[in-house]
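Student: The structure's right below; bear with me while I get my questions together.
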Amino acid sequence: MKATVYYAPGDVRVETVPDPVIQQPTDAIVRITHACICGSDLWFYRGEEEWQPGWRTGHEWMGIVEEVGDDVRTLKKGDRVLAPFAFSDGTCEFCGKGIQTSCRQGGFWGTTNDGGQAEAIRAPFADGTLVVIPKDVENDDALLTAILPLTDVMSTGHHAAVSAGVRPGSTVAVVGDGAVGLCGVLAAKRLGAERIIILGRHESRLAIARRFGATDVVRSRGEEAIAAVQEMTSGGAESVLECVGSESAMATAIGIARPGGAIGYVGVPHGSNHNFNLGRLFMQNIALRGGVAPARAYIPELLADTVAGKLDASAVLDLTVDLDGVPNGYAAMDSREAIKVMVRP
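Structure, rendered in structure tokens:
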């Protein structure tokens with residue numbers, strides 16, 4: 006089969022690799038029908054994370070079950086499924102607490118495991134990881150496209166909103182206009198926020214933010230952005246969603262948070278060691294919550310709303326490529342020609 010393999014910064018290739026096979030009785034083999042390139046993939050693509058030549062790529066995917074191991078109980082051949090970006094056994098202490106990303110036996114797609122930017126994949130712990138898509142929508146292409154972001158960015162945006170304590174009538178500020186930030190806007194709207202401020206600079210992305218529910222836009226950065234949000238909210242936003250992961254984004258998030266408010270941080274940390282204003286968090290009683298999103302915990306409720314037509318983040322998928330086009334998809338995201346690339350093997 007074909008799969009995408011990392012070689013060096015700026016160098017990902019689609020190559021022929023061995024077909025996946027059942028290795029454990031809890032495995033499933035899934036033929037991939039939809040996948041994505043993620044903004045977090047750009048860190049290894051740009052050489053800002055240490056990756057090894059030969060590692061597989063892609064952690065967002067959906068597909069059709071081709072084979073299951075002898076111990077798989079909730080899935081069968083022919084089921085259409087989506088996968089959170091991390092696999093988990095569904096039985097350990099942390100899975101029971103709804104933080105499947107800390108599963109004792111779990112892990113993330115790609116690197117030394119099979120990646121989702123491929124024709125097929127071996128899914129460990131299939132019962133604990135994969136979610137079956139309802140039969141009555143499994144052939145609706147537009148709806149499947151709307152479901153795809155639940156594998157990562159929509160679940161991550163939702164995690165930011167939940168961690169920041171977004172509630173009906175609240176004021177929210179979202180730092181970052183990438184796919185996660187845009188999904189954070191949509192998540193805040195879904196949770197009833199009355200005012201949603203998006204901090205970003207790209208007009209095409211800001212247009213999507215407005216469609217998703219943003220009421221205000223701040224295009225400046227740094228201290229200028231902090232001053233703008235502080236002024237327009239008379240003291241800061243009650244809930245701040247940090248959706249970038251850089252030191253400067255966290256500094257902005259802390260600077261625009263209202264005393265007694267909360268920051269939900271979901272941007273994957275990158276760059277040098279982060280230094281942030283702990284003193285302001287302490288003196289203004291600002292909570293800092295978040296981290297890697299337990300997408301498997303959120304997918305059932307988000308899937309139900311998506312199937313019901315109440316939630317649709319598909320606008321962030323603004324470029325589609327086939328599997329051979331994945332290297333061009335990386336280049337398009339790296340140059341900001343695309344927000345997020347959908348891959349149709």
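Here the numbering used here is used: the first residue of the sequence shown is 6, the next is one more, and so on.
Virtual Cβ for every residue (Gly too), placed ideally from N, Cα, C.
Could you give the first and the last residue of the continuous beta strand (DSSP E) run that contains His-39?
Tutor: Position 34 of the sequence shown, counted from the first residue, corresponds to residue 39. Looking at the DSSP string, the run of the beta strand (DSSP E) that includes His-39 is 33–42.
Student: Who are Ala-128's beta bridge partners in DSSP?
Tutor: Counting from 1 along the sequence shown, the entry for residue 128 is found at position 123. Bridge partners of Ala-128: Ala-33.
Student: Looking only at its own chain, which residues have a Cβ that is under 8 Å from the Cβ of Leu-80, when we skip the five neighbours before and after it?
Tutor: In the sequence shown, counting from the first residue as 1, residue 80 sits at position 75. Here the set comprises Ala-33, Val-70, Val-73, Val-86, Ala-131, Asp-132, Leu-135, Val-137.
Student: DSSP state of Glu-306, grouped into three classes?
Tutor: Residue numbering aside, residue 306 sits at position 301 when the sequence shown is read from its first letter. It is helical.
Student: Could you compute how far the alpha carbon of Ala-214 sits from the alpha carbon of Leu-196?
Tutor: Translated into positions along the sequence shown, residue 214 becomes position 209. Translated into positions along the sequence shown, residue 196 becomes position 191. Using only the alpha carbons, I get a separation of about 16 Å.
Student: Ignore the nearest five residues each way along the sequence and tell me which others in Ser-107's own chain have a CB closer than 7 Å to its CB.
Tutor: As a first step, residue 107 is located in the sequence shown; it is residue number 102 there, counting from the start. Excluding sequence neighbours, Ser-107 sits near Phe-99.
Student: Count the other C-beta atoms from every protein chain shown that fall within 10 angstroms of the C-beta of Arg-263, then say buried if there are 16 or more, exposed otherwise.
Tutor: Here residue 263 refers to the residue found at position 258 of the sequence shown. Answer is buried; the Cβ neighbour count reaches 16.
Student: With a 10 Å radius around its C-beta and 16 neighbouring C-beta atoms as the bar for buried, classify Gln-105 as buried or exposed.
Tutor: In the sequence shown, residue 105 corresponds to position 100, counting from 1. Gln-105 is buried by the Cβ-count criterion.
Student: Measure the C-alpha to C-alpha separation of Phe-92 and Arg-301 and round it to an integer number of angstroms.
Tutor: Residue mapping note: residue 92 aligns to position 87 of the sequence shown, counting from 1. Residue mapping note: residue 301 aligns to position 296 of the sequence shown, counting from 1. So the two alpha carbons sit approximately 8 Å from each other.
Student: Pull up the distance between the alpha-carbon of Pro-274 and that of Gly-186, whole angstroms please.
Tutor: The sequence position of residue 274 within the sequence shown is 269, counting from 1. The sequence position of residue 186 within the sequence shown is 181, counting from 1. Computed Cα separation, rounded: 15 Å.
Student: Should Leu-155 be labelled buried (16 or more other beta-carbon atoms within 10 Å of its own) or exposed?
Tutor: Along the sequence shown, one-based indexing puts residue 155 at 150. Buried, since its Cβ has 16 or more Cβ neighbours within 10 Å.
Student: Specify, as a first and last residue, the run of the beta strand (DSSP E) that Leu-246 falls within.
Tutor: Taking the sequence shown and counting its residues from 1, one reaches residue 246 at position 241. Where Leu-246 is concerned, the enclosing beta strand (DSSP E) starts and stops at 242–247.
Student: Thr-364 bridges to which residues according to DSSP?
Tutor: Residue 364 is absent from the structure shown; the chain starts at 6 and stops at 350.
Student: How would you call Asp-310, buried or exposed, if buried means at least 16 neighbouring beta carbons within 10 angstroms?
Tutor: Along the sequence shown, read from residue 1 onward, the residue named residue 310 stands at position 305. Per the 10 Å Cβ criterion, exposed.
Student: Nearest to Thr-117 by alpha carbon, out of Gly-170, Gly-103, Thr-9, Trp-48?
Tutor: Taking the first residue of the sequence shown as position 1, residue 117 is located at position 112. Among Gly-170, Gly-103, Thr-9, Trp-48, the Cα nearest to that of Thr-117 belongs to Thr-9.
Student: Anyone know if the C-beta pair for Val-177 and Ser-244 falls short of 8 Å?
Tutor: Position 172 of the sequence shown holds residue 177. Position 239 of the sequence shown holds residue 244. Yes; because the gap between Cβ atoms is below 8 Å, this pair is in contact.
Student: Buried or exposed: where does Val-326 fall if 16 or more other Cβ atoms within 10 Å of its Cβ makes it buried?
Tutor: As a first step, residue 326 must be located in the sequence shown, where it is residue number 321. Buried, since its Cβ has 16 or more Cβ neighbours within 10 Å.
Student: Do you know offhand how far Gly-115's Cα is from Ala-258's?
Tutor: For this step, residue 115 is matched to residue 110 along the sequence shown. For this step, residue 258 is matched to residue 253 along the sequence shown. CA-CA distance, Gly-115 to Ala-258, rounds to 30 Å.
Student: Per DSSP, what are the beta-bridge partners of Lys-367 in this structure?
Tutor: Because residue 367 is not part of the residues shown, which for the chain are 6 to 350, the question remains open.
Student: Please report the distance separating the alpha-carbon of Gln-289 from that of Gly-174.
Tutor: Within the sequence shown, residue 289 is the residue found at index 284, counting from 1. Within the sequence shown, residue 174 is the residue found at index 169, counting from 1. So the two alpha carbons sit approximately 22 Å from each other.
Student: Could you tell me whether the Cβ atoms of Ile-126 and Val-35 are closer together than 8 Å?
Tutor: As a position in the sequence shown, residue 126 is number 121, starting the count at 1. As a position in the sequence shown, residue 35 is number 30, starting the count at 1. Against a cut-off of 8 Å, the Cβ pair of Val-35 and Ile-126 comes out as a contact.
Student: Who are the near neighbours of Ala-267 in its chain, counting only those whose CB is closer than 8 Å to its CB and skipping five residues on each side?
Tutor: Here residue 267 refers to the residue found at position 262 when the sequence shown is read from its first residue. The answer, listed in chain order, is Ser-168, Ala-169, Gly-170, Glu-243, Ser-244, Val-245, Ile-291, Ala-292, Leu-293, Arg-294.
Student: Of the choices Phe-217, Val-17, Asp-94, whose alpha-carbon is the least far from that of Leu-316?
Tutor: What you label residue 316 is simply residue 311 of the sequence shown in a count that begins at 1. The candidate whose alpha carbon is nearest that of Leu-316 is Phe-217.
Student: Using only CA atoms, which one of Val-223, Ala-151, Val-142, Arg-51 lies nearest to Asp-16?
Tutor: Translated into positions along the sequence shown, residue 16 becomes position 11. The shortest Cα separation from Asp-16 among Val-223, Ala-151, Val-142, Arg-51 belongs to Arg-51.
Student: To the nearest angstrom, how far is it from the Cα of Gly-227 to the Cα of Ser-253?
Tutor: What you label residue 227 is simply residue 222 of the sequence shown in a count that begins at 1. What you label residue 253 is simply residue 248 of the sequence shown in a count that begins at 1. Each residue's alpha carbon lies about 7 Å from the other.
Student: In the structure shown, what three-state DSSP assignment does Ala-193 receive?
Tutor: Residue mapping note: residue 193 aligns to position 188 of the sequence shown, counting from 1. Three-state result, Ala-193: helix.
Student: Along the chain, where does the alpha helix (DSSP H) that runs through Arg-285 open and close?
Tutor: Numbered from its first residue, the sequence shown carries residue 285 at position 280. From DSSP, the alpha helix (DSSP H) with Arg-285 extends over 283–288.
Student: Of all the options Ala-298, Asp-46, Asp-75, Gly-272, which has the alpha carbon lying nearest to the alpha carbon of Gly-334?
Tutor: The residue labelled residue 334 in the question sits at position 329 within the sequence shown. When only C-alpha atoms are compared, the closest one is Asp-46.
Student: Alpha carbon to alpha carbon, what distance is there between Ala-337 and Ser-251?
Tutor: Taking the first residue of the sequence shown as position 1, residue 251 is located at position 246. Taking the first residue of the sequence shown as position 1, residue 337 is located at position 332. For Ser-251 and Ala-337, the distance between alpha carbons rounds to 21 Å.
Student: Using DSSP with H/G/I as helix, E/B as strand and the rest coil, what is Gln-169?
Tutor: Here residue 169 refers to the residue found at position 164 of the sequence shown. Looking at the sequence itself, residue 169 is Ala, so the reference to Gln does not match. Coil, per DSSP.
Student: For Glu-65 versus Gly-121, is the C-beta spacing smaller than 8 Å?
Tutor: Counting from one through the sequence shown, the residue named residue 65 turns up at place 60. Counting from one through the sequence shown, the residue named residue 121 turns up at place 116. Cβ atoms of Glu-65 and Gly-121: closer than 8 Å.
Student: Starting from the C-beta of Gly-265, find all residues in its chain whose C-beta is less than 7 Å away, skip the five residues before and the five after it, and write them out in chain order.
Tutor: Within the sequence shown, the letter at position 260 stands for residue 265. Counting only Cβ-Cβ distances below 7 Å, and skipping sequence neighbours, we find Asn-290.
Student: What is the DSSP secondary structure of Val-22, reduced to helix, strand or coil?
Tutor: Position 17 of the sequence shown, counted from the first residue, corresponds to residue 22. Correct three-state label for Val-22: coil.
Student: Between which residues of its own chain and Lys-82 is the CB-CB distance below 6 Å, once the five residues before and five after are set aside?
Tutor: The residue labelled residue 82 in the question sits at position 77 within the sequence shown. Closer than 6 Å at the Cβ level, and outside the excluded window around Lys-82, lie Val-70.
Student: Do you know how far the Cα of Val-179 is from the Cα of Glu-199?
Tutor: If you number the sequence shown from 1, residue 199 lands on position 194. If you number the sequence shown from 1, residue 179 lands on position 174. Rounded to whole angstroms, Glu-199 to Val-179 spans 13 Å at the Cα level.
Student: If you follow the alpha helix (DSSP H) that Val-180 is part of, which residue opens it and which one closes it?
Tutor: Here residue 180 is taken as the residue at index 175 of the sequence shown, counted from 1. Looking at the DSSP string, Val-180 is not in any alpha helix (DSSP H); the run it does join, the beta strand (DSSP E), is 176–180.
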